[in-house]
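Shown next, in structure tokens, is the structure this report addresses.
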Amino acid sequence: MPRTNSNERQPAKLDQILRFLPWFEAHSQDMKPTWLGLEGPPSLSVMAVYPKEVEDFFQLASEPFWCDYRYDVRAAEVMVFSDAAIGEATIDQIKTILTYCVRCEWFGEGHWQGMVRKGRILAILLRISELRGNLDEGGRLMEYCCRSPLSKPTPLRSKFGTAGCKHGSGFRSVCRLQPNIRGNRKP
Numbered sequence: 000m001p002r003t004n005s006n007e008r009q010p011a012k013l014d015q016i017l018r019f020l021p022w023f024e025a026h027s028q029d030m031k032p033t034w035l036g037l038e039g040p041p042s043l044s045v046m047a048v049y050p051k052e053v054e055d056f057f058q059l060a061s062e063p064f065w066c067d068y069r070y071d072v073r074a075a076e077v078m079v080f081s082d083a084a085i086g087e088a089t090i091d092q093i094k095t096i097l098t099y100c101v102r103c104e105w106f107g108e109g110h111w112q113g114m115v116r117k118g119r120i121l122a123i124l125l126r127i128s129e130l131r132g133n134l135d136e137g138g139r140l141m142e143y144c145c146r147s148p149l150s151k152p153t154p155l156r157s158k159f160g161t162a163g164c165k166h167g168s169g170f171r172s173v174c175r176l177q178p179n180i181r182g183n184r185k186p
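When we follow numbering that gives the first Met the number 0, the leftmost residue of the sequence shown carries the number 0, and every step to the right adds one.
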């Protein structure tokens, strides 16, 4: 069986997880799991049973494509609770955040409930949706430096990938509309 380039699989994987976006938009605030083990005699075994959509989402988020096997727990925790970090997250950072969300349920029943009800999963899905819209035909991410309503965003094609855009777009790429940022010239 021929190997498939991960860039070629990326749009399909993003589409697969984005099918949960409508459900999380509608149910994030009111999602409550059923708790097993709370009735009857005291028990150390308490388990959250989530709606099917939540279970299916986290099952998909547990697949190898979405896992970051070398993630830093502390960095992931900071990112997951930061709207700014999620708003600028790359696909790899999204994988780190999702790995954190999946694995924290292992150590504390009800973690997924918190992530869903606090809007973290919805924010992640909205970022994935934005990233999905910025993929070219080959599955490569195209970053834009400026999202001015007066002009079409211009794909970046610069070797200077770490300067910030002066137009407030939030992308960490060189803005082609500024002539003197680290030697960048107008297109």
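Don't be surprised by glycine CBs; every beta carbon is placed ideally from N, CA and C. No experiment lies behind these values; they were computed from the predicted model shown.
_C-beta atoms of A75 and Y99 nearer than 8 Å_ = To locate residue 75, count along the sequence shown from 1; it is residue 76. To locate residue 99, count along the sequence shown from 1; it is residue 100. It is a contact, given that the beta carbons lie within the stated cut-off.
_Assuming T95 is part of the alpha helix (DSSP H), what are its boundary residues?_
For the purposes of this step, residue 95 is taken as residue 96 along the sequence shown, with counting starting at 1. Where T95 is concerned, the enclosing alpha helix (DSSP H) stretches over I90 to F106.
*asked:* Classify F106: buried if its beta carbon has 16 or more other beta carbons within 10 angstroms, exposed otherwise.
replied: Counting from 1 along the sequence shown, the entry for residue 106 is found at position 107. Exposed: under 16 other Cβ atoms inside 10 Å.
*For the segment 18–38 against the segment 106–119, are there 3 or more C-beta pairs whose distance is under 8 Å?*
Counting Cβ pairs under 8 Å, three or more are found: they touch.
*List the endpoints of the continuous beta strand (DSSP E) containing M46.*
Reading the sequence shown from its first residue, position 47 is the one you call residue 46. M46 -> beta strand (DSSP E) spans M46 to V48.
_Given this structure, state the Cα-to-Cα distance separating L97 from C103, to the nearest angstrom._
Along the sequence shown, one-based indexing puts residue 97 at 98. Along the sequence shown, one-based indexing puts residue 103 at 104. In a straight line, the C-alpha of L97 is about 10 Å away from that of C103.
*Taking L17 as the reference, which of D55, V101, A84 and Y70 has the closest Cα?*
The sequence position of residue 17 within the sequence shown is 18, counting from 1. Just measuring C-alpha positions, the residue of D55, V101, A84 and Y70 sitting nearest L17 is D55.
*Between which two residues does the alpha helix (DSSP H) harbouring W111 extend?*
Counting from 1 along the sequence shown, the entry for residue 111 is found at position 112. Segment H110 to R116, the alpha helix (DSSP H) holding W111.
*What does W34 pair with, by DSSP beta-bridge criteria?*
Locating residue 34 in the sequence shown gives position 35, counting from the first residue. A47.
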